[in-house]
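Q: Residue numbers (the working numbering), protein chains in the order written: chain A, 5 to 293; chain B, 10 to 170. Dropping a structure here in structure tokens format, bear with me for questions.
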């Protein structure tokens, strides 16, 4: 096994092009588990922790460009104001030891349906910036995930950053696990209200081969809010609308039975999370008036 | 490959390190520092908690090569010349050690918490130690130990004599 240690982004992309079967390594919280348990023996590891550019984030206009190497801990400390949904999801990741090392870029790169960042990234309409020696491209996050732990990343590409809009509007994340810390979600849900464009964004985790949006639920809620003038009045949400939204979220999933939970439990729990997340987000929206 | 790093204030070097090896394995098997424990090897149990460049992490999830030129502090590096660190002494005095396997990781995690937050609320302690599993104590005496260490540190910093 080779251990490749680029010190700059340019060098990282060159090494990636020369070693397309090298496994990119950042915080190690996914990769090292696979190495330790002999599940994976890549011909090379491509250590990205020395690439300073990956650890930077900056705000341009109404978006944050989050370098792929920014850790969960830093999202919580530095970005809770700009990206409250992602910060909420970050707080549920592993333990402090894991959050200190694990990165949002690595979470996206692992492309697990259970990735904790993914529901919020979907709900926000985030995009993934990937690069190679050939150039840079940006994909909507929902086009990035192509299957269980597989993504649209080409063999010579690396994830450079994730771009997330700064909405200033309520965002929520909820996750079910067997305890508060150190759990892979049984099911997770992200919600973002987009009052300026009169839209609602959703993201479902751990309940389909990839993280998915609940498009019918989004469309239903946007119409229901518009027709009843609730975006302007910020009045109470009718229980019937909340219930219908929750049912549509659950219907958008295609869960399986596995060691963490059954498909029917996941559908049920997802509806509960959707109802709760909408309740919290709407209450934030009303209080912000 | 060869890995050179600072461990507990000393420059250390190891040859013949396998590229897929973890920092934990490097510490225990190459550098003779068995304080950090090897249990789950997947970041679930926290018994290998060390400081890497001032930040706590699970040494089992850091590739040894990632620690090249880094500063690592293990549980062996916490005690001073004048004896155990206050956190270590508090674990002993509070009876927070039973089989002892989780203790090194918990001591490092508690040390980190108290260095950031000298008088933590119980919720904060629980959150900070959530990545460290103990199968003996039921955690009650561990929480006692952290409170005791916090109290003693506050007292000693008020009264330097």
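Yeah, the Cβ is synthetic: ideal placement off N, Cα and C, and Gly gets one too.
1) Identify which residue in B/51, B/139, B/166 and B/47 has its Cα closest to the Cα of residue 96 of chain A.
2) Using a Cβ cut-off of 7 angstroms, pull out every chain B residue sitting near residue 185 of chain A, in sequence order please.
3) Which residue from A/230, A/236 and A/225 puts its Cα closest to that of residue 283 of chain A?
4) For residue 235 of chain A, does the three-state DSSP call read helix, strand or coil?
5) Since residue 22 of chain B meets chain A, which of its residues come closer than 7 angstroms, beta carbon to beta carbon?
6) What's the C-alpha gap between residue 272 of chain A and residue 254 of chain A?
7) Under the three-state reduction of DSSP, which class applies to residue 170 of chain B: helix, strand or coil?
8) With a threshold of 16 other CB atoms inside 10 Å of the CB of residue 128 of chain A, please say whether the residue is buried or exposed.
9) Can you confirm whether the region 76–86 of chain A touches the region 144–155 of chain A when touching is taken to mean that 3 or more C-beta pairs between the two stretches lie within less than 8 angstroms?
10) Alpha carbons only, please: which of A/99, A/75, A/89 and A/27 is nearest the one belonging to residue 188 of chain A?
11) Taking its Cβ as the centre, do 16 or more other Cβ atoms sit within 10 Å of residue 140 of chain A, making it buried, or is it exposed?
12) Quick one, are the C-beta atoms of residue 243 of chain A and residue 126 of chain A less than 8 angstroms apart?
13) Is the region 154–167 of chain A touching the region 102–113 of chain A, taking contact as three or more C-beta pairs under 8 angstroms?
14) Pull up the CB-CB distance for residue 31 of chain B and residue 68 of chain B, whole angstroms please, since I reckon it's below 8 angstroms.
15) Helix, strand or coil: which one does DSSP assign to residue 67 of chain B?
16) Have a look at residue 151 of chain B and residue 22 of chain B and give me their C-alpha separation to the nearest angstrom.
17) Using 10 angstroms around the beta-carbon of residue 146 of chain B, count the other beta-carbons present and answer buried if the total reaches 16, otherwise exposed.
18) Could you tell me the alpha carbon to alpha carbon distance between residue 155 of chain B and residue 96 of chain B, rounded to whole angstroms?
19) What do you get for residue 124 of chain B, buried or exposed, if any count of 16 or more other CB atoms within 10 angstroms of its CB means buried?
20) Chain B beta carbons: is any one of them nearer than 8 angstroms to that of residue 99 of chain A?
21) What does the alpha-carbon distance come out to for the pair residue 310 of chain A and residue 40 of chain B?
22) Report the option in A/56, A/36 and A/257 whose CA atom is closest to the CA atom of residue 220 of chain A.
23) Could you tell me how far apart the beta carbons of residue 73 of chain A and residue 30 of chain A are, in whole angstroms, since I believe they sit closer than 8 angstroms?
24) What three-state label does DSSP hand residue 75 of chain B in the structure shown?
25) Quick one: does residue 72 of chain B have its CB under 8 angstroms from some CB of chain A?
26) Less than 6 angstroms between C-beta atoms, sequence neighbours within five positions excluded: which residues of the same chain meet that for residue 121 of chain B?
27) Using the beta-carbon count (16 or more within 10 Å), is residue 101 of chain B buried or exposed?
28) Cβ atoms of residue 58 of chain B and residue 101 of chain A: under 8 angstroms apart, would you say?
29) Indicate whether at least one CB of chain B lies closer than 8 angstroms to the CB of residue 9 of chain A.
30) Do you know offhand how far residue 215 of chain A's Cα is from residue 18 of chain B's?
31) What is the C-beta distance between residue 238 of chain A and residue 289 of chain A, in whole angstroms, given that I count them as a contact (C-beta under 8 angstroms)?
32) Is there a C-beta anywhere in chain A that falls below 8 angstroms from the one on residue 158 of chain B?
33) Take residue 181 of chain A as the anchor and find which of A/222, A/265 and A/195 has the nearest alpha-carbon.
34) Whole angstroms are fine: how far does the CA of residue 127 of chain B sit from the CA of residue 98 of chain B?
35) From A/234, A/293, A/205 and A/260, pick the residue whose C-alpha is nearest to that of residue 377 of chain A; which is it?
A: Result, derived from the coordinates:
1) Ranking B/51, B/139, B/166 and B/47 by Cα distance to residue 96 of chain A puts B/139 first.
2) In chain order: 139 and 140.
3) It is A/225.
4) In the three-state DSSP reduction, residue 235 of chain A falls in the helix class (H, G or I).
5) The contacting residues do not exist; residue 22 of chain B stays about 16 angstroms from chain A at best.
6) One alpha carbon belongs to residue 272 of chain A, the other to residue 254 of chain A, and they sit about 7 angstroms apart.
7) Residue placement at residue 170 of chain B is poorly supported in this model, since its pLDDT is 49, which falls under 50; the coordinates are not used for a value here.
8) Classification of residue 128 of chain A: buried, given that the 10 Å Cβ count is 16 or more.
9) The answer is no - the region 76–86 of chain A does not touch the region 144–155 of chain A, with fewer than three Cβ pairs under 8 angstroms.
10) Looking at the Cα atoms, A/99 is the closest of the given residues.
11) The Cβ neighbour count for residue 140 of chain A, taken over all protein chains shown within 10 Å, is under 16; the residue is labelled exposed.
12) Contact: no.
13) Under the Cβ criterion (8 angstroms, minimum of three pairs), the region 154–167 of chain A counts as touching the region 102–113 of chain A.
14) Indeed, because the Cβ distance is near 6 angstroms, the residues count as touching under 8 angstroms.
15) Residue 67 of chain B carries a strand assignment under DSSP once its states are collapsed to helix, strand and coil.
16) About 35 angstroms.
17) Its Cβ being crowded by 16 or more others within 10 Å, residue 146 of chain B is buried.
18) Near 7 angstroms, if we compare the C-alpha coordinates of residue 96 of chain B and residue 155 of chain B.
19) By the neighbour-count rule (16 or more Cβ atoms within 10 Å), residue 124 of chain B is not buried but exposed.
20) Yes, its Cβ sits closer than 8 angstroms to a Cβ of chain B.
21) Chain A is shown only over 5 to 293; residue 310 of chain A falls outside these bounds and no answer can be derived.
22) When C-alpha distances from residue 220 of chain A are compared across A/56, A/36 and A/257, the shortest belongs to A/257.
23) So it is a contact: roughly 6 angstroms between Cβ atoms.
24) Reduced to three states, the DSSP call for residue 75 of chain B is helix.
25) Chain A contact via Cβ: present.
26) Hits under 6 angstroms: 65.
27) Exposure of residue 101 of chain B is indicated by the presence of fewer than 16 other C-beta atoms within 10 angstroms of its C-beta.
28) Less than 8 angstroms divides the Cβ of residue 101 of chain A from the Cβ of residue 58 of chain B.
29) Interface annotation, residue 9 of chain A: in contact with chain B, CB-CB separation under 8 angstroms.
30) Approximately 45 angstroms, taken between the alpha carbons.
31) For a cut-off of 8 angstroms, the C-beta gap from residue 238 of chain A to residue 289 of chain A is around 6 angstroms, short enough to register as a contact.
32) Closer than 8 angstroms: no.
33) For residue 181 of chain A, the nearest C-alpha among the options comes from A/265.
34) Whole-angstrom Cα-Cα distance: 16 angstroms.
35) No information on residue 377 of chain A is available, as it lies outside the stretch 5 to 293 that chain A covers here.
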